[in-house]
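Trainee: For the sequence shown, my numbering puts the final residue at 333, and the numbers step up evenly by one.
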Amino acid sequence: ISGCSPLQKSLIPGNRYDGLEATRPPPVIIQRPRWSEDKRITARALYDFHAQNAKELSFMKGDLIYVGRRIDKNWYEGERHASRGIFPVSYVELMNGPWMNNPGQAMAKYAFVPQLPNEIGFSKGGKIKFEDEAK
Numbered sequence: 199i200s201g202c203s204p205l206q207k208s209l210i211p212g213n214r215y216d217g218l219e220a221t222r223p224p225p226v227i228i229q230r231p232r233w234s235e236d237k238r239i240t241a242r243a244l245y246d247f248h249a250q251n252a253k254e255l256s257f258m259k260g261d262l263i264y265v266g267r268r269i270d271k272n273w274y275e276g277e278r279h280a281s282r283g284i285f286p287v288s289y290v291e292l293m294n295g296p297w298m299n300n301p302g303q304a305m306a307k308y309a310f311v312p313q314l315p316n317e318i319g320f321s322k323g324g325k326i327k328f329e330d331e332a333k
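1) Is it buried or exposed, G276, if we count other Cβ atoms within 10 angstroms and call 16 or more buried?
2) According to the neighbour-count rule (16 or more other Cβ atoms, all chains shown, within 10 Å of its Cβ), is I269 buried or exposed?
3) List the whole-angstrom C-beta distance separating V265 from I239, where the pair is believed to meet the contact cut-off of C-beta under 8 angstroms.
4) Give the secondary structure of S288 by DSSP, where H, G and I count as helix, E and B as strand, and everything else as coil.
5) Among V311, A252 and H248, which residue has its Cα nearest to the Cα of G324?
6) Work out the CA separation of A252 and Y308 for me, nearest whole Å.
7) Given E329, which residues of its chain have a CB within under 7 angstroms of its CB, disregarding the five upstream and five downstream residues?
8) Checking 7 angstroms against the spacing of the C-beta atoms, do R282 and L262 come in under that value?
9) Considering only the alpha carbon of each residue, which of V290, E317 and W273 lies closest to Y245?
10) Let's test the definition: count the other Cβ atoms within 10 Å of the Cβ of L314 and tell me whether it reaches 16, buried, or not, exposed.
11) What is the DSSP secondary structure of W297, counted as helix, strand or coil?
12) Look up Y245 in the DSSP assignment and give the residues it is bridged to.
13) Determine the closest residue to S288 out of K322, H279, M305 and N316, with distance taken between C-alpha atoms.
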């Protein structure tokens with residue numbers, strides 16, 4: 199402040215912050231939504247995965263991961279020990295899901311290319327519904 203020495207009384211009042219606490223709105227706490235328990239899919243890590251950036255989720259072989267959604271054909275988004283991120287589809291094996299709890303349905307662990315006319319092909323991760331027993 200020009201023209202004011204340290205010994206002089208300040209032009210700025212010392213009580214300028216009094217009353218601010220009463221008028222300040224409460225802090226906003228933002229939390230990421232958790233996937234509901236009944237919609238979460240559990241996956242087991244088949245290999246170690248080391249995140250290359252902050253968006254990816256690191257894990258070790260054998261770890262359990264909750265899968266929240268599939269980003270695209272190559273990536274899932276999930277969480278493990280309160281950390282959330284994306285990880286490769288090929289690094290995990292899904293252990294449960296809505297289609298796995300239904301009798302007569304399964305998920306393909308591997309792709310299958312038919313060799314004979316009476317065989318049906320499917321891709322890895324595809325849902326398979328059993329209509330009738332083989333005759």
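Beta carbons are placed, not taken as given, at the ideal position from N, Cα and C, and that holds for glycine.
Nothing here was measured: the structure is a model prediction, and the numbers come from that model.
Mentor: Let me lay it out:
1) Around the beta carbon of G276, a 10 Å sphere encloses 16 or more other beta carbons of the protein chains shown; the residue is thus reported as buried.
2) The C-beta of I269 has fewer than 16 other C-beta atoms within 10 Å across all chains shown, which makes the residue exposed.
3) 4 angstroms
4) helix
5) V311
6) 30 angstroms
7) Cβ within range, chain order: n/a, list empty.
8) no
9) V290
10) In summary, L314 is exposed, with fewer than 16 beta-carbon neighbours lying within 10 Å of its beta-carbon over all protein chains present.
11) With a pLDDT of 49 at W297, under the threshold of 50, the modelled position of that residue is not reliable, and the figure given next carries that caveat. Residue state, collapsed to three classes: coil.
12) Answer is none; Y245 lacks a bridge partner.
13) K322
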